[in-house]
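J.: Below is the structure I would like to discuss, written out as structure tokens.
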Amino acid sequence: MTFQQLKYAIEIANWGSINEAAKRLFISQPSLSMAIKELEEELKITIFERTNKGINVSVEGTEFLGYARQVIEQMELLENRYLDAKPSPQHFSVSTQHYAFSVNAFVNLIQNYALEDYEFTLRETKTYEILDDVKNLRSEIGILYLNDFNNKVINKLLKESNLEFTVLFQAQPHVFISAKNPLAKQANVSLDDLDPYPCLSFEQGQYNSFHFSEEILSTLTHKKNIRVSDRATLFNLLIGLNGYTISTGVLSADLNGNNIIAVPLNIDETITVGWISHKNVTLSKLATAYVQELEKVILDYR
46 MTFQQLKYAI EIANWGSINE AAKRLFISQP SLSMAIKELE EELKITIFER
96 TNKGINVSVE GTEFLGYARQ VIEQMELLEN RYLDAKPSPQ HFSVSTQHYA
146 FSVNAFVNLI QNYALEDYEF TLRETKTYEI LDDVKNLRSE IGILYLNDFN
196 NKVINKLLKE SNLEFTVLFQ AQPHVFISAK NPLAKQANVS LDDLDPYPCL
246 SFEQGQYNSF HFSEEILSTL THKKNIRVSD RATLFNLLIG LNGYTISTGV
296 LSADLNGNNI IAVPLNIDET ITVGWISHKN VTLSKLATAY VQELEKVILD
346 YR
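Each residue of the sequence shown is one higher than the one before, starting from 46 at the first, in our numbering.
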């Protein structure tokens, strides 16, 4: 077993693809596949499970990669200290539902740590993909919410994938609307108040289950529905069409300006937002720092 093989395995896990990892490592795909095969045969474990849709990290592979990352981090520290080597780029990835606070924390992480050489990934994506990203170590951290409706299904998936959920904060439901919406001056709004306006939500693609919805009350029917795939489009439609979406009420004026406001929704529900990580993997320093930035941002908002 060599350090090079460890780096190869980590790179494949980061990109979720042997072909993509080979491109990033500037080696041929057959050479990379052979190096991993030899590593698996030597250790007598299967690190990556090959499927028609690509590769997934196995249960054994998850544990192995957790150790491998620690070994590589320590080796890079030694090289940087004693060989005056150029530091390797710092890697960090997070997958999140469409929350402005997760972006704020990401920005703060980069600014506060003054990193000169890094490869970071921030994925605002679908709920199922967040779970899958963290399960297969494409992301160290995932951010999503739980409530009474989705709690049983999401927790079942977390348990099956050996993931754990850590609470960030709890919030009462709010609606995001345009500051010019007729409802903007109300102290709170009801579902009946919202009935004439378009309901905006994030589409969930292939796994379009009510339990994966980013918005609570996903089983309710609305006369006007619009599904979008990104936050910028949703906010433009909130303004352009006087639409609304249901969320936590945590809104960043720094990122979104003052054109969108949060108004409490008069309903007896609680939203619990948290971050998920793999039980078998020790968080990197950057992941730990990101969680700390999340906590700071939430305190600022609240």
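For glycine and all other residues, C-beta sits at the position ideal for the given N, C-alpha and C.
#1: Determine whether the beta carbon atoms of Ile-343 and Pro-218 lie at a separation below 8 Å.
#2: Please determine, among Lys-324, Leu-279 and Thr-211, the residue with the shortest C-alpha to C-alpha distance to Ile-188.
#3: How many Å lie between His-323 and Pro-227 at the Cα?
#4: Taking Ile-312 as the reference, give the member of Ile-261, Phe-255 and Met-46 with the closest Cα.
#5: Per DSSP, what kind of secondary structure is Thr-211 in: helix, strand or coil?
#6: Going residue by residue through the stretch 313-337, where are the continuous beta strand (DSSP E) segments of at least 3 residues, counting only ones entirely within it?
#7: Rounded to the nearest angstrom, how far is the Cβ of Ser-254 from that of Ser-184, given a contact under 8 Å?
#8: How long is the line joining the alpha carbons of Lys-68 and Phe-151, rounded to whole angstroms?
#9: Residue range of the alpha helix (DSSP H) that Tyr-163 falls in?
#10: Quick check on this structure: which residue in Ile-306, Asp-162 and Tyr-163 has the alpha carbon closest to the alpha carbon of Ser-223?
#11: So, are the CB atoms of Asn-270 and Cys-244 less than 8 Å apart?
#12: If we ignore side chains and look at the alpha-carbon of each, how far apart do Leu-182 and Gln-251 end up?
#13: At which residues does the alpha helix (DSSP H) containing Gln-249 begin and terminate?
#14: Can you tell me which of the three DSSP states Ala-58 falls into?
#15: Is it true that the CB of Phe-146 sits closer than 8 Å to the CB of Val-24?
T.: On the basis of the supplied data:
#1: no
#2: Thr-211
#3: 45 Å
#4: Ile-261
#5: strand
#6: 316-323
#7: Not confirmed; about 21 Å, so no contact.
#8: 26 Å
#9: Careful: Tyr-163 lies outside any alpha helix (DSSP H), inside the beta strand (DSSP E) at 163-169.
#10: Ile-306
#11: yes
#12: 21 Å
#13: Here Gln-249 belongs to no alpha helix (DSSP H), and DSSP marks it neither H nor E.
#14: helix
#15: Outside the modelled stretch of the chain, which goes from 46 to 347, sits residue 24, for which no answer is possible.
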